[in-house]
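Read top to bottom, the protein sequences are chains A and B. Residues in the first sequence are numbered consecutively from 3, following my numbering. Residues in the second sequence are numbered consecutively from 3, following my numbering.
2 protein chains.
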Amino acid sequence: MSRPTITDLAREAGVSRSTVSRVVSGRGYVAAPVRARVQDAALRLGYVPDGVARSLRHRTTRAVGVLISDLGNPFYAELAAAVDQTLRSRGYHMILANSGGLDDEEDAAATLFQASRVAGVILAPVSKRATRRLVDAGLVVIEVDRQLAPGECDAVLVDNMGGAFAATGHLLGLGHRRIGLLLGERGWQTATERLAGYRSALVAAGVPFDRELVPRSSFSRDEAARVTGELLDRHPDVTAIFATSNVLAEGAVVEIQRRGRRILTDLSIVAFDDVPWMRLMQPGITTVAQPTEELGRTAAELLLDRLAGGGASNRPVVHRLATTLVLRGSTAAPGR
Amino acid sequence: MSRPTITDLAREAGVSRSTVSRVVSGRGYVAAPVRARVQDAALRLGYVPDGVARSLRHRTTRAVGVLISDLGNPFYAELAAAVDQTLRSRGYHMILANSGGLDDEEDAAATLFQASRVAGVILAPVSKRATRRLVDAGLVVIEVDRQLAPGECDAVLVDNMGGAFAATGHLLGLGHRRIGLLLGERGWQTATERLAGYRSALVAAGVPFDRELVPRSSFSRDEAARVTGELLDRHPDVTAIFATSNVLAEGAVVEIQRRGRRILTDLSIVAFDDVPWMRLMQPGITTVAQPTEELGRTAAELLLDRLAGGGASNRPVVHRLATTLVLRGSTAAPGR
DNA sequence: CTGTTAGCGCATTCAA
DNA sequence: TTGAATGCGCTAACAG
């Protein structure tokens, strides 16, 4: 009734358990006819090797812990999909968890990963605590999208500053001087770097930075909508908005529409992170595209290479992937 | 250097391994001071119980295999997120795999789940083979979104026929008589049921069914765009399109825009499956909303209940969740 | 209340 | 080329 083990297989095929082990694991010598007999029995019994027992024996698994902020956000979903695909093509699989950006959840996930004896971890970190703990426990860990523990593990990031510089520069080039910036939570590395890109573009153009144009908000759509409203109320001279994530952009668009203002004609908008709806809008949303699929693939490959190459032997590497400014119709000269 | 085990803990705390086991697993009697001593040692050593060894001993894990078609599709991503959340709140976690709608991939995932000794499986099935194998192996399995093995396991579905009936009825009520239907791959239960809803709404309105208005395509965005183009070319009398998934709707919208036709004014459109961009469009896309979060939560709860209640004791249950027609601006009387 | 013993299913010595 | 023996880390009788 319960699932067959090598012992059942051994009895069925009339050989010892060791021999069965050799054929199912594909290691060691086994005479061809014996091998065939065992394989036959395996098929008959519907035998599937017990990965748990195997893992205990090998003291590691083929599982990789993947921790992202929010599966509902298409950016993270695509990232996870890319990680999964790369992992599977090399015989690994993924234990996926959402942190929701909460460090308690992140800690819980880290514990889960440790307990599961995963081969490694890929995470979009929330606090450096979890990363550090995992690294200290001897696990291979890769930080992705954000880096909170530089020098302690590999990281795969995008050029946030360059992307933000390009986006802001594009608006400035069109003649905008009062540009609202939707940033999400401060303190997150992506936010900090995108802010830096925005500021340095302003400096390059000789336009003064006005902190009033950078309202505080969370990363949520609704808060982005709210602060967009406040921004437009308090600063009617704002002619463009740079929303530094797909969700923030969504909030901004919702609010602009709610007020009956029209994108492009009344207000230019640039986003960060290209997601499908931005192409569907009319006009399409100009945005800084991230190489999301490459981000996930690179992280997974880095991890797998570390595993093959014997862990954290060499020093940590950091990949910075380039972004691309995708011009669509949502940006034009002000006051048109 | 390697991770501490109960043996290390036992030595550190000066007790036997069984006692350590009792305190870390929280089962059995342990004197308070001894307990404290062990917990102390655990903290000092950074001990985390080995879930693999535990699983081997218990002959089951706290992992649930989750198989969906495509993480990149917001419907599945949201579904997976809901499953994950419910699972985690009850101490389980998720091994997530993408089938991409391919039965080979599904088989591979089923094998992985079996090998991983998951407590149960939630899947959006591709072929009945995998479900059957899993059920035969004694696993608790829940089919979600589609049911391919009726009577063999629980299923959580939405009222596809009712939703399609409502959507089509809405268009008919506005006066449309020639309604294109984008269905995706035939043979998928969702497609079949949505087609049935479309047809019965036509019957109810006394409008003849024309198979020419139901072009063949896959579920991909690009193919949806292509067949939308062909449909509009061959049948200029079509005044409305019903796209039965969010991705198909995306393709239809892209093609309509490419031709410079305008939604609502030139052509009404109704979708199935409410995703964020449909609210962002102007006009917003009228659609049949699925209770996606509830779908995932219900599936997870059903699974967990089965596990608690001792497996597949009682007969399979099927949940049919209601859909809601969300009226937005993309539908109007024809020829306006 | 605590320790001893045995074994979950598998892979790996080591002998034969 | 095959089999016997051992142990991965943990839990569950059972005896003390």
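Virtual Cβ for every residue (Gly too), placed ideally from N, Cα, C.
Worksheet item: Would you call the CB atoms of Ala151 (chain A) and Arg134 (chain A) closer than 8 Å?
Response: yes
Taking only beta-carbon positions, decide if Glu252 (chain A) is within less than 8 Å of chain B. yes
Q) Rounded to a whole number of angstroms, what is the C-alpha to C-alpha distance between Glu107 (chain A) and Leu141 (chain A)? A) 19 Å
*asked:* With distance defined between alpha-carbon atoms, name the residue in B:Val137, B:Ser129, B:Glu225 and B:Asp156 nearest to Gln116 (chain B).
replied: B:Val137
For this session: Determine the extent of the beta strand (DSSP E) in which Arg322 (chain B) is found, giving its start and end residues.
Result: Val320 to Leu323
With DSSP as the reference, please indicate the residues paired to Asp156 (chain A) in a beta bridge.
A:Ile144
Would you identify the three-state DSSP class for Gly199 (chain A), choosing helix, strand or coil? helix
* Asked: What is the rounded straight-line gap between the Cα of Glu14 (chain B) and the Cα of Ala139 (chain A)?
  -> 19 Å
| request: Given a cut-off of 8 Å, decide if Gly286 (chain B) and Glu257 (chain B) are closer than it, judged by their beta-carbon atoms. | output: no
Worksheet entry | Per-residue contacts from Thr113 (chain B) into chain A (C-beta, under 8 Å) | Val50
**Distance between beta carbons of Leu282 (chain B) and Glu252 (chain A), contact taken as under 8 Å** = 7 Å
Checklist entry - So, does the CB of Asp86 (chain B) fall closer than 8 Å to a CB anywhere in chain A? => result yes
Q: Output, in chain order, the set of chain B residues within a Cβ distance shorter than 7 Å of Asn100 (chain A).
A: Ala83 and Asp86
| query | Is the CB of Gln149 (chain A) under 8 Å away from at least one CB in chain B? | reply | no
Establish whether the CB of Met163 (chain B) and some CB of chain A are separated by less than 8 Å.
-> no
So, with DSSP's three-state summary, where would you put Leu250 (chain A)?
helix
According to DSSP, which residues form a beta bridge with Val328 (chain B)?
B:Thr289
Continuous alpha helix (DSSP H) stretch holding Asn162 (chain A): start and end: Asn162 to Gly175
- the region 54-74 of chain A touching the region 111-129 of chain A, judged by at least three CB pairs closer than 8 Å: yes
Beta-carbon proximity of Leu323 (chain A) to Asp86 (chain A), cut-off 8 Å
no
- Have a look at B:Pro238, B:Gln149, B:Phe211 and B:Leu234 and flag the residue whose alpha-carbon is nearest the alpha-carbon of Pro318 (chain B). B:Gln149
Please state the DSSP three-state secondary structure of His95 (chain B).
strand
Worksheet item: Looking at the C-beta of Arg228 (chain B), does it have a partner C-beta in chain A at a distance below 8 Å?
Response: no
- Mind checking if His95 (chain A) is an interface residue toward chain B, Cβ cutoff 8 Å exclusive? yes
### Query
Excluding the five sequence neighbours on either side, which residues of its own chain have a C-beta within less than 6 Å of the C-beta of Pro6 (chain A), listed in chain order?
Leu47 and Tyr49
**Request:** Using a threshold of 8 Å, state whether the C-beta atoms of Leu297 (chain A) and Arg92 (chain A) are closer than that.
**Result:** no
Following the continuous beta strand (DSSP E) through Gly182 (chain A), name the residue where it begins and the one where it ends.
Ile181 to Leu184
Practice prompt. Check the Cβ-Cβ distances between Ala43 (chain A) and every residue of chain B, and say whether any is below 8 Å.
Written response: no
Item to check | Whole-Å CB distance - Leu32 (chain B) paired with Val25 (chain B), under 8 Å assumed | outcome: According to the sequence as given, residue 32 (chain B) is Val; it is not Leu. 5 Å between Cβ atoms; contact.
- Determine the chain B residues that contact Val54 (chain A) at a beta-carbon separation under 8 Å, and present them in chain order. Val54, Ser57, Leu58, Thr63, Ser118 and Arg119
Tell me the DSSP secondary structure of Phe115 (chain B) in three-state form. helix
- Task: Could you tell me if Gly53 (chain B) is buried or exposed, where buried requires 16 or more neighbouring beta carbons within 10 angstroms of its beta carbon?
- Result: buried
request  = List the residues that DSSP assigns as beta-bridge partners of Phe244 (chain A).
outcome  = A:Leu183 and A:Val272
Using beta-carbon positions only, say whether Arg223 (chain B) and Ala84 (chain B) come within less than 8 Å of one another.
no
ask   = At which residues does the alpha helix (DSSP H) containing Ala227 (chain A) begin and terminate?
value = Arg223 to Arg236
Val123 (chain B), DSSP secondary structure in three states: strand
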